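To keep things clear, I will list the structure first and then write my remarks on it.
2 protein chains.
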Amino acid sequence: MYSLSEENYLKAIFHLQKQPNQGVSTNALAEQMETKASSVTDMIKRLSEKDLVSYKKYKGVKLSSKGRNAAVQIIRKHRLWEVFLVDQLNFSWDEVHEVAEQLEHIKSKKLIRELDKFLDYPKMDPHGDPIPDEDGNIAVAEKLLLNEINPGKTTVCVGVKDTSTHFLKYLDKNNIALGKIIHIKEKEAFDESMLISIDHKELRISKMVSSNIYVKTKN
Amino acid sequence: MYSLSEENYLKAIFHLQKQPNQGVSTNALAEQMETKASSVTDMIKRLSEKDLVSYKKYKGVKLSSKGRNAAVQIIRKHRLWEVFLVDQLNFSWDEVHEVAEQLEHIKSKKLIRELDKFLDYPKMDPHGDPIPDEDGNIAVAEKLLLNEINPGKTTVCVGVKDTSTHFLKYLDKNNIALGKIIHIKEKEAFDESMLISIDHKELRISKMVSSNIYVKTKN
DNA sequence: AAATATATTTAGACACCTCTAAATATATTT
DNA sequence: AAATATATTTAGAGGTGTCTAAATATATTT
Ligand SMILES: [Mn+2]
Ligand SMILES: [Mn+2]
Ligand SMILES: [Mn+2]
Ligand SMILES: [Mn+2]
């Protein structure tokens, strides 16, 4: 199939292409891949050769449907493995990403199908991200960033945007987790910090924090 | 740590070095790795550079203790994953090897420790091979090849030498599996074929078969 | 519109791992 | 011991994926 490197590029392009439906820039891709722009250009040409992306010089890359499909399958595997690690192997949500980055490249249809069954067909990974189904469909959850919600509202935490160990550990320390009820008491105008309450305890969080927590407003 | 290729070479050397305690020949290694002798020589030099093997031109390679340790850890991972696939994910013993070949290269101490715990510290893989412990110790089972046993004896199947899909499927078809009681009724002198009984049913097997089944004599 | 800054590509190199063909060393026959 | 066969290494090359430095294209300022 595709090489480890190719798979990682496809995934990176997919993630970057999310918001705008236009081409992903070489520089953005270089940053995501932690490599140099020139290396990206090289790889893009190879991917283009294999019809995994469409590429016009200086205009960025877009995934072809073939490329998108490959990317989604890798993301499916990544997220299923993350569920496995947390639910079955006692990993915490800040420890899984690195290992899942490796496991997502294992090639075996049967493996991933059986893993899915074994985990009882989970819909979400430990960070609240949806798990694509076998056909590549991804459920779009109605979720908003906490910093966009007005004071007075009560919400449920349904995901995180930043999935870095640092951020996740901060959340653990402050009792913020998926499913937790977050009530917004105040929003400071000048720095957009918030006073929230979780488990009947008050907590002040910066915009940096509130803009990385996904919530669903609770009726 | 080590590259995928390096790990596969280390494992191959380990397996070939088993019987004799002398160097593994370039050609033997080339065959095992399904590659060319010249490629082997190249790689051996790199492994030697990293003190993973000792190498004298024209005299073959031996694993250093560093190399042996690396090899054993990979084998530990391979066999633990095989147990996982069979016990938890409904794989049959002839399907696991290919996937385990990939999974054995995943790098995570915690993963393998938790997997071991999750599987309740298995001692054997689905083919009856011992799983090395965390320190690299490998239990030596008392086992003999079926073709070395005399007629009249009753034995238990404890392992297989050939782990190819073909052979394992043949065994499935004939109800031969780990733990099965095998009674030896006759041994034909001229072709060393055997008449055995399993589950009260008689079966004639060739030397090719009997010399790939490990058994333990039953009292 | 020209000048400047930024983004992207190209050129040339290198590490890793593989290959074929040729050279050399070791083992086996005669 | 010489001849032959086999095993191993060396030489030279290619693919993948990366890098730095230089060239070129696009975007932003003035
Ligand atoms: Mn992840
Ligand atoms: Mn995730
Ligand atoms: Mn195996
Ligand atoms: Mn096995």
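Protein chains in written order, with our numbering: chain E, 1 to 219; chain R, 1001 to 1219.
Glycine is no exception: its CB is placed at the ideal position from the N, C-alpha and C atoms.
Source: prediction; values computed, not measured.
Show which residues of chain R have a CB atom less than 7 Å away from the CB atom of E:Gln102.
Ile1106, Lys1107
Coarse secondary structure for E:Tyr9, derived from DSSP in three states:
helix
At a CB distance below 9 Å, what residues from the region 58 to 90 of chain E approach chain R? Give them in sequence order.
Leu85, Gln88, Leu89, Asn90
Which residues DSSP lists as bridging E:Pro247, in chain order
The requested residue 247 of chain E does not occur in the structure, where chain E is confined to residues 1 to 219.
At least one CB of chain R closer than 9 Å to the CB of E:Lys110: is that the case?
yes
Can you say whether R:Gly1179 is buried or exposed, counting buried as having 16 or more other CB atoms within 10 angstroms of its CB?
exposed
Report yes if the C-beta distance between R:Tyr970 and R:Ala1100 is below 9 Å; otherwise report no.
Nothing can be reported for residue 970 of chain R: it is not among the residues displayed for chain R, which extend from 1001 to 1219.
Would a C-beta distance cut-off of 9 Å place R:Ser1211 and R:Asn1147 closer than the cut-off?
yes
DSSP state of R:Tyr1170 mapped onto helix, strand, coil
helix
R:Pro1151: which of R:Val1140, R:Pro1132, R:Ala1139, R:Arg1204 sits nearest, CA to CA?
R:Arg1204
Could you check which residue in E:Arg76, E:Val96, E:His78, E:Lys77 has the C-alpha nearest to that of E:Leu85?
E:Val96
Is E:Leu115 close to chain R? Criterion is C-beta to C-beta, closer than 9 Å.
yes
Quick check on R:Phe1190: buried or exposed, where buried means 16 or more other Cβ atoms within 10 Å of its Cβ?
exposed
Any C-beta of chain R under 9 Å from that of E:Glu98
yes
If we cut at 9 Å on Cβ distances, does R:Glu1095 have a partner in chain E?
yes
Can you give the Cα-Cα distance for E:Thr165 and E:Ile176, rounded to whole angstroms?
14 Å
Report buried or exposed for E:Ile131, applying the criterion of at least 16 other Cβ atoms within 10 angstroms of its Cβ.
buried
Does any CB atom of chain R fall closer than 9 Å to the CB of E:Phe190?
no
Going by the beta-carbon positions, is the gap between R:Ile1106 and R:Arg1076 smaller than 9 Å?
no
E:Lys56, buried or exposed, once every other Cβ within 10 Å from all chains shown has been counted against 16
exposed
If you compare alpha carbons, which of R:Leu1195, R:Met1124, R:His1015 is closest to R:Lys1153?
R:Leu1195
Under 8 Å by Cβ, that's how I've got R:Gly1159 and R:Lys1143 pegged, so tell me the actual separation to the nearest angstrom.
6 Å
Report yes if the CB atom of R:Lys1066 is closer than 9 Å to the CB atom of R:Gln1022, and no otherwise.
no
What in chain R is Cβ-close to E:Phe167, meaning under 9 Å?
What E:Phe167 touches in chain R: nothing, since even the nearest Cβ is about 20 Å away.
Counting only Cβ pairs nearer than 8 Å, list the residues of chain R close to E:Phe14.
Neighbours of E:Phe14 on chain R: none; closest Cβ ~22 Å, over 8 Å.
On the premise that E:Gly136 lies in contact with E:Val72, defined as a C-beta separation below 8 Å, what is that separation, rounded to the nearest angstrom?
4 Å
Quick check on DSSP: helix, strand or coil for E:Ile112?
helix
Hey, R:Glu1082 and E:Leu89 are a contact pair by Cβ (cut 8 Å); roughly how many whole angstroms apart?
Incorrect: roughly 17 Å between the Cβ atoms, too far for contact.
Since R:Leu1016 and R:Ala1030 should fall inside the 8 Å C-beta cutoff, what is the C-beta to C-beta distance between them, to a whole number of angstroms?
That pair is no contact at about 11 Å.
Tell me which residues share the same chain as R:Lys1201 and place their Cβ nearer than 8 Å to its Cβ, disregarding the 5 neighbours each side in the sequence.
Asn1175
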